[in-house]
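Counting in UniProt numbering, the sequence shown runs from 1 upward without gaps.
Glycine included, every Cβ here is placed at the ideal spot set by N, Cα and C.
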Amino acid sequence: MLRREFMKLAVAAGIGLSGGAAFAADMPAPFDKPEEVKIALVRYLSTGDFFQSYLSGVEKQSAALGVDLRVLDSRQDAALQADMVDQAIALGVDGIIIQHGLTESMKAAAQRAVDAGIKVVAFDVNVENDAIPQIEQSDYLLGKLALEQAIKDNGDSFTAGYVYVPGIAPLDRRDVAWKEVKEANPGITEAAMFGTLDNPIANSVANQARSVLQANPNISVVFAPYDEFAKGVKIAVDEAGLSQDIAIYSADVSTADISAMREPDSAWAATVATNPAVVGEVSVRTLALMLAGEDPGKQVVVPPTLITQDFLNEQDVKNMEELGQKMPQFQHADVSVAEWIPLPAR
């Protein structure tokens, strides 16, 4: 039996591995002494179910490895996030995960970490650095699959609202898909573009969406490629009594999203997503490979899946756990894996 499979069974059975430390003699340096390995997660976005789940994945994979994880949360303060990279450097960490952020504020900070000899990976932020692997959910595909479903449901001629905030790498990549689809389907009209990342994001977007829907009563489709955006649009649609007149297409998923999609007459028709917890695990494993001297590649992609309201209702999916049971790819992504890396218990 492969050691990794034994580790999974042992963790599931509650055998004391101390995050895989029982196998420390077989682990590559520096994981032969995992308790001495320090890594930091430096976050830009943290509000919403997606980011809570992502953090959970980072924590679980870090625990499985037995490393010391520090979490630094800038709460959408770009300057503070850059300062937190410097804080992580001062803490003497071995590796840093940069989670979201703005290129202009994080590019120099990421380079400072590399110059200090620290291994760095970036999730959904382009730091324009060849030494730093980019981890993503294939955001272009997230947008493309959602829009293909919108066309399947509504035809290739409709008036749309679009929720977008430029400068955020995943949203910018999803925007490429939106532009391509509009160009390929001239019958699709963008009546309004709006969006904000002000906390609480869903409520802030709802405030904008109320005005947009009132000013553009011909909107029948809203492309909101982030679940907090979709929640906000749904609030406004429900308040306006338009749930049967407007269809919402989004990206990302959570238990709260599943519940909202399954409400009677819900306008939220489909989303495209990966399990954010799995993406968090992949982020840690990618960093671990680098720390062990292995090359995870320049781009680490976790493939997404289309999730429709019809599928959730037909399969009676009520939460992320049940979604994982119905869609096995939600339980684990065979990305950035190695026999020596213990996986979290399922």
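| Item | Value |
| --- | --- |
| Which residues bound the alpha helix (DSSP H) around M84? | A78 to L91 |
| Is K119 helix, strand or coil when you go by DSSP? | strand |
| Let me make sure I understand the geometry here. Which of Q137, P225, K182 and P217 has the alpha-carbon closest to that of V237? | P217 |
| Do Q208 and R262 have their beta-carbon atoms positioned less than 8 Å apart in this structure? | no |
| Whole-angstrom Cβ separation of Y164 and H100, contact assumed at under 8 Å? | In fact, because the Cβ distance is near 16 Å, the residues do not count as touching under 8 Å. |
| Helix, strand or coil, according to DSSP, for K144 in the structure here? | helix |
| List the endpoints of the continuous alpha helix (DSSP H) containing S283. | P276 to L291 |
| Short of 6 Å in beta carbon distance, which residues of its chain neighbour K60, apart from the five on each side in sequence? Order them along the chain. | P344 |
| With distance defined between alpha-carbon atoms, name the residue in A277, V272 and A63 nearest to T305. | V272 |
| Taking only the alpha-carbon atoms, compute the straight-line gap between Q111 and D130 and give it to the nearest angstrom. | 10 Å |
| Can you name, in chain order, every residue of its own chain whose Cβ lies under 6 Å from the Cβ of D257, other than the five neighbours on each side? | D227 |
| Please classify Y249: does DSSP put it in a helix, a strand, or coil? | strand |
| What is the rounded straight-line gap between the Cα of A333 and the Cα of A64? | 16 Å |
| Just to confirm before moving on: does the CB-CB distance between V42 and L72 stay below 8 Å? | yes |
| If we count the other Cβ atoms within 10 Å of its Cβ and call it buried at 16 or more, is G155 buried or exposed? | exposed |
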